[in-house]
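For the sequence shown, my numbering begins at 19 and goes up steadily by one.
The C-beta atom is built at its ideal place from N, Cα and C for all residues, glycine as well.
The structure displayed is predicted, hence computed values, not measured ones.
For reference, the structure discussed in these notes is given below.
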Amino acid sequence: MPPKKRTDDEDEDFAPGADDVIEEELGEGIAAAGKKRAHSEISNGKQKLDNDTQASTRCIGKYLKDRVDKESIKEALVQGVEDKLFTKIKGSYIVTADPRYPDLKDKITFEEIVPPTDPTSKAVVKGHTVYVKYKGMLKATGEAFDEDELKFLVDGGEVIRGLDQGVIGMRVGSKRIVQIPASLGYGKRGSPPEIPSNAI
(Lines of atoms letter the chains of each structure in order from A; the text may use other names.)
(Lines give C-alpha, C1' and ligand atoms only; values in the text may rest on other atoms or scores of the structure.)
Protein backbone atom coordinates (compact mmCIF):
# COMPACT_ATOMS: atom_id res chain seq x y z
CA MET A 19 0.00 0.00 0.00
CA PRO A 20 1.85 3.16 -1.16
CA PRO A 21 1.56 6.31 0.95
CA LYS A 22 -1.70 7.77 -0.29
CA LYS A 23 -2.63 11.36 -0.93
CA ARG A 24 -5.02 12.86 1.61
CA THR A 25 -8.12 14.83 0.76
CA ASP A 26 -8.69 18.41 1.92
CA ASP A 27 -11.30 17.15 4.39
CA GLU A 28 -8.78 14.78 5.97
CA ASP A 29 -6.19 17.58 6.17
CA GLU A 30 -8.59 19.72 8.20
CA ASP A 31 -8.89 16.98 10.82
CA PHE A 32 -5.27 16.89 11.84
CA ALA A 33 -3.07 19.45 10.12
CA PRO A 34 -2.87 23.09 11.17
CA GLY A 35 -4.53 25.27 8.58
CA ALA A 36 -3.29 28.61 7.38
CA ASP A 37 -6.03 30.15 9.51
CA ASP A 38 -3.86 29.21 12.51
CA VAL A 39 -0.85 31.02 11.10
CA ILE A 40 -0.36 34.61 12.16
CA GLU A 41 1.60 36.58 9.59
CA GLU A 42 4.18 39.00 10.94
CA GLU A 43 2.86 41.74 8.65
CA LEU A 44 -0.69 41.97 9.98
CA GLY A 45 -1.49 44.85 7.62
CA GLU A 46 -1.59 42.28 4.84
CA GLY A 47 -3.84 40.04 6.91
CA ILE A 48 -3.51 36.32 7.22
CA ALA A 49 -2.05 34.12 4.50
CA ALA A 50 -3.92 33.74 1.23
CA ALA A 51 -4.64 30.12 2.05
CA GLY A 52 -6.15 31.28 5.32
CA LYS A 53 -8.53 33.55 3.42
CA LYS A 54 -9.54 30.56 1.33
CA ARG A 55 -10.48 28.69 4.51
CA ALA A 56 -11.60 31.79 6.37
CA HIS A 57 -14.67 30.01 7.70
CA SER A 58 -12.45 28.24 10.23
CA GLU A 59 -12.49 29.27 13.85
CA ILE A 60 -9.47 30.59 15.71
CA SER A 61 -10.45 32.25 18.97
CA ASN A 62 -11.65 29.59 21.42
CA GLY A 63 -13.81 28.18 18.67
CA LYS A 64 -16.19 31.14 18.95
CA GLN A 65 -15.13 34.06 16.77
CA LYS A 66 -15.04 33.13 13.08
CA LEU A 67 -12.76 34.62 10.48
CA ASP A 68 -14.26 35.99 7.29
CA ASN A 69 -12.77 37.13 4.02
CA ASP A 70 -12.30 40.68 5.28
CA THR A 71 -8.67 41.33 6.27
CA GLN A 72 -9.65 43.75 9.04
CA ALA A 73 -11.95 41.19 10.62
CA SER A 74 -9.14 38.64 10.48
CA THR A 75 -6.71 41.07 12.09
CA ARG A 76 -9.27 41.95 14.81
CA CYS A 77 -9.79 38.27 15.53
CA ILE A 78 -6.04 37.69 15.82
CA GLY A 79 -5.70 40.79 18.02
CA LYS A 80 -8.46 39.52 20.32
CA TYR A 81 -6.78 36.12 20.53
CA LEU A 82 -3.52 37.79 21.57
CA LYS A 83 -5.16 40.23 24.01
CA ASP A 84 -7.05 37.40 25.72
CA ARG A 85 -3.87 35.40 26.29
CA VAL A 86 -0.93 37.81 26.52
CA ASP A 87 -0.98 41.04 28.54
CA LYS A 88 0.94 43.32 26.17
CA GLU A 89 0.08 46.61 24.48
CA SER A 90 1.45 45.97 20.98
CA ILE A 91 0.84 42.91 18.86
CA LYS A 92 4.58 42.47 18.20
CA GLU A 93 5.33 42.46 21.96
CA ALA A 94 2.48 40.00 22.45
CA LEU A 95 3.88 37.70 19.78
CA VAL A 96 7.36 37.75 21.34
CA GLN A 97 5.88 37.04 24.78
CA GLY A 98 3.64 34.36 23.28
CA VAL A 99 6.67 32.52 21.89
CA GLU A 100 8.41 32.73 25.30
CA ASP A 101 5.26 31.40 26.98
CA LYS A 102 5.01 28.65 24.33
CA LEU A 103 1.61 29.88 23.15
CA PHE A 104 3.04 30.30 19.65
CA THR A 105 5.77 28.69 17.61
CA LYS A 106 7.64 31.02 15.27
CA ILE A 107 8.44 29.51 11.89
CA LYS A 108 10.28 31.91 9.61
CA GLY A 109 8.09 35.04 9.55
CA SER A 110 4.94 33.35 10.82
CA TYR A 111 3.51 32.33 14.17
CA ILE A 112 1.53 29.13 14.74
CA VAL A 113 -0.87 28.91 17.66
CA THR A 114 0.63 25.96 19.50
CA ALA A 115 -1.68 26.38 22.48
CA ASP A 116 -4.75 25.78 20.33
CA PRO A 117 -6.55 22.82 21.95
CA ARG A 118 -7.15 21.32 18.50
CA TYR A 119 -3.39 20.75 18.10
CA PRO A 120 -2.01 19.83 21.55
CA ASP A 121 1.04 18.05 20.12
CA LEU A 122 1.83 20.23 17.13
CA LYS A 123 4.99 18.95 15.49
CA ASP A 124 5.30 19.82 11.86
CA LYS A 125 8.87 18.96 10.97
CA ILE A 126 10.44 15.74 9.82
CA THR A 127 13.75 14.55 11.23
CA PHE A 128 16.14 12.32 9.35
CA GLU A 129 19.46 10.53 9.57
CA GLU A 130 21.63 9.74 6.55
CA ILE A 131 22.68 6.10 6.88
CA VAL A 132 24.11 5.42 3.41
CA PRO A 133 25.99 8.05 1.39
CA PRO A 134 25.12 8.57 -2.28
CA THR A 135 26.70 6.21 -4.81
CA ASP A 136 27.17 9.24 -7.04
CA PRO A 137 27.99 12.32 -4.92
CA THR A 138 28.02 14.47 -8.07
CA SER A 139 24.39 13.64 -8.91
CA LYS A 140 21.79 16.37 -8.50
CA ALA A 141 20.21 16.70 -5.08
CA VAL A 142 16.45 16.20 -5.06
CA VAL A 143 14.41 19.41 -5.03
CA LYS A 144 10.70 20.17 -5.34
CA GLY A 145 9.50 19.42 -8.85
CA HIS A 146 11.83 16.46 -9.43
CA THR A 147 10.38 13.04 -10.20
CA VAL A 148 12.02 10.44 -7.96
CA TYR A 149 12.15 6.65 -7.76
CA VAL A 150 12.46 5.37 -4.21
CA LYS A 151 12.44 2.12 -2.28
CA TYR A 152 10.78 2.73 1.05
CA LYS A 153 9.76 0.86 4.16
CA GLY A 154 7.11 2.35 6.44
CA MET A 155 7.42 1.48 10.13
CA LEU A 156 5.60 2.56 13.28
CA LYS A 157 7.87 4.25 15.80
CA ALA A 158 5.89 2.95 18.79
CA THR A 159 6.21 -0.74 17.89
CA GLY A 160 8.87 -0.93 15.19
CA GLU A 161 6.34 -2.85 13.11
CA ALA A 162 6.54 -2.45 9.32
CA PHE A 163 3.22 -1.54 7.71
CA ASP A 164 4.39 -1.12 4.11
CA GLU A 165 7.39 -1.74 1.86
CA ASP A 166 7.55 -1.03 -1.84
CA GLU A 167 9.11 0.89 -4.74
CA LEU A 168 7.50 4.15 -5.75
CA LYS A 169 7.80 6.86 -8.39
CA PHE A 170 6.37 10.29 -7.57
CA LEU A 171 6.67 14.01 -8.26
CA VAL A 172 8.20 15.73 -5.24
CA ASP A 173 5.75 18.26 -3.75
CA GLY A 174 3.15 17.20 -6.31
CA GLY A 175 0.61 16.05 -3.72
CA GLU A 176 0.97 12.41 -4.77
CA VAL A 177 2.21 11.08 -1.41
CA ILE A 178 2.04 12.09 2.25
CA ARG A 179 3.78 15.39 2.92
CA GLY A 180 6.38 13.82 5.19
CA LEU A 181 7.62 11.63 2.36
CA ASP A 182 7.71 14.63 0.01
CA GLN A 183 9.89 16.49 2.53
CA GLY A 184 11.93 13.43 3.45
CA VAL A 185 13.50 12.94 0.02
CA ILE A 186 14.54 16.57 -0.51
CA GLY A 187 18.33 16.85 -0.65
CA MET A 188 18.92 13.15 -1.31
CA ARG A 189 21.17 12.01 -4.15
CA VAL A 190 21.39 8.82 -6.22
CA GLY A 191 22.00 5.77 -4.03
CA SER A 192 21.66 7.52 -0.68
CA LYS A 193 19.57 6.08 2.13
CA ARG A 194 17.84 7.86 5.03
CA ILE A 195 15.81 7.04 8.07
CA VAL A 196 13.06 9.67 8.12
CA GLN A 197 10.81 10.24 11.14
CA ILE A 198 7.49 11.69 10.02
CA PRO A 199 5.18 13.34 12.57
CA ALA A 200 1.48 12.51 12.40
CA SER A 201 0.69 16.00 11.07
CA LEU A 202 2.75 15.23 7.94
CA GLY A 203 1.73 11.58 7.75
CA TYR A 204 -1.65 9.97 8.31
CA GLY A 205 -2.79 12.24 11.15
CA LYS A 206 -5.64 11.69 13.53
CA ARG A 207 -7.46 9.30 11.21
CA GLY A 208 -4.50 7.03 10.58
CA SER A 209 -4.96 4.36 7.91
CA PRO A 210 -6.65 1.43 9.68
CA PRO A 211 -5.92 -1.27 10.39
CA GLU A 212 -2.18 -0.90 9.76
CA ILE A 213 -1.62 2.70 10.88
CA PRO A 214 -3.27 3.91 14.10
CA SER A 215 -4.38 7.43 14.92
CA ASN A 216 -1.58 10.01 15.40
CA ALA A 217 1.13 7.51 14.48
CA ILE A 218 4.75 8.59 14.00
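Checklist entry - What is the DSSP secondary structure of Ser215, counted as helix, strand or coil? => result Three-state DSSP puts Ser215 in coil, outside helix and strand.
Checklist entry - Whose C-alpha, out of Lys92, Glu89 and Pro199, is nearest the C-alpha of Gly154? => result Of Lys92, Glu89 and Pro199, the residue nearest in Cα terms is Pro199.
Checklist entry - In the structure shown, what three-state DSSP assignment does Val190 receive? => result In the structure shown, Val190 sits in coil (DSSP, three-state: anything other than H, G, I, E or B).
Checklist entry - Beta carbon of Phe163, beta carbon of Ile195: below 7 Å? => result Contact: no.
Checklist entry - For Phe163, which residues does DSSP report across the bridge? => result Under the DSSP definition of a beta bridge, Phe163 lacks any partner.
Item to check | the segment 129 to 136 / the segment 156 to 175 touching (three or more Cβ pairs under 8 Å) | outcome: Look at the beta carbons and you see the segment 129 to 136 not touching the segment 156 to 175: under three pairs across the two are nearer than 8 Å.
Checklist entry - If you draw a straight line from the alpha carbon of Met188 to that of Leu181, how long is it in whole angstroms? => result Inter-residue distance for Met188 and Leu181 is about 12 Å (C-alpha atoms, whole angstroms).
Checklist entry - Would you call the CB atoms of Thr135 and Val190 closer than 7 Å? => result Inclusion of Thr135 and Val190 in the CB contact set at 7 Å is warranted, their separation being smaller than that value.
Checklist entry - Is it right to say Tyr204 is buried, meaning 16 or more other beta carbons lie within 10 angstroms of its own, or is it exposed? => result Label assigned to Tyr204: buried.
Item to check | Nonlocal neighbours in the same chain, by C-beta distance under 7 Å from Gly208, ignoring five residues either side | outcome: The answer, listed in chain order, is Pro214, Ser215 and Ala217.
Checklist entry - How is the alpha helix (DSSP H) around Gly98 delimited, first residue to last? => result Looking at the DSSP string, the run of the alpha helix (DSSP H) that includes Gly98 is Ile91 to Glu100.
Item to check | Beta-carbon proximity of Val148 to Val177, cut-off 7 Å | outcome: No; because the gap between Cβ atoms is not below 7 Å, this pair is not in contact.
Checklist entry - Which stretch, first to last residue, makes up the alpha helix (DSSP H) that contains Val185? => result Where Val185 is concerned, the enclosing alpha helix (DSSP H) stretches over Arg179 to Val185.
Checklist entry - Which residues in the same chain as Val99 place their Cβ atom closer than 6 Å to its Cβ, once the five residues preceding and following it in sequence are excluded? => result If you ignore the 5 residues before and after Val99, its C-beta comes within less than 6 Å of the C-beta of Lys106, all in its own chain and listed in chain order.
Checklist entry - Where does Ser201 fall in DSSP's three states? => result It is helical.
Item to check | Glu176 in three-state terms, based on DSSP | outcome: It is coil, neither helix nor strand.
Checklist entry - Ile126 to Gln97, Cα distance in whole Å? => result If you draw a straight line from the Cα of Ile126 to the Cα of Gln97, it is about 26 Å long.
Item to check | Sequence-distant residues of the same chain with beta carbon closer than 8 Å to Glu161, five excluded per side | outcome: Counting only Cβ-Cβ distances below 8 Å, and skipping sequence neighbours, we find Met155.
Checklist entry - Does the distance from the CB of Glu167 to the CB of Lys193 come in under 7 Å? => result With contacts defined by Cβ atoms closer than 7 Å, Glu167 and Lys193 do not form a contacting pair.
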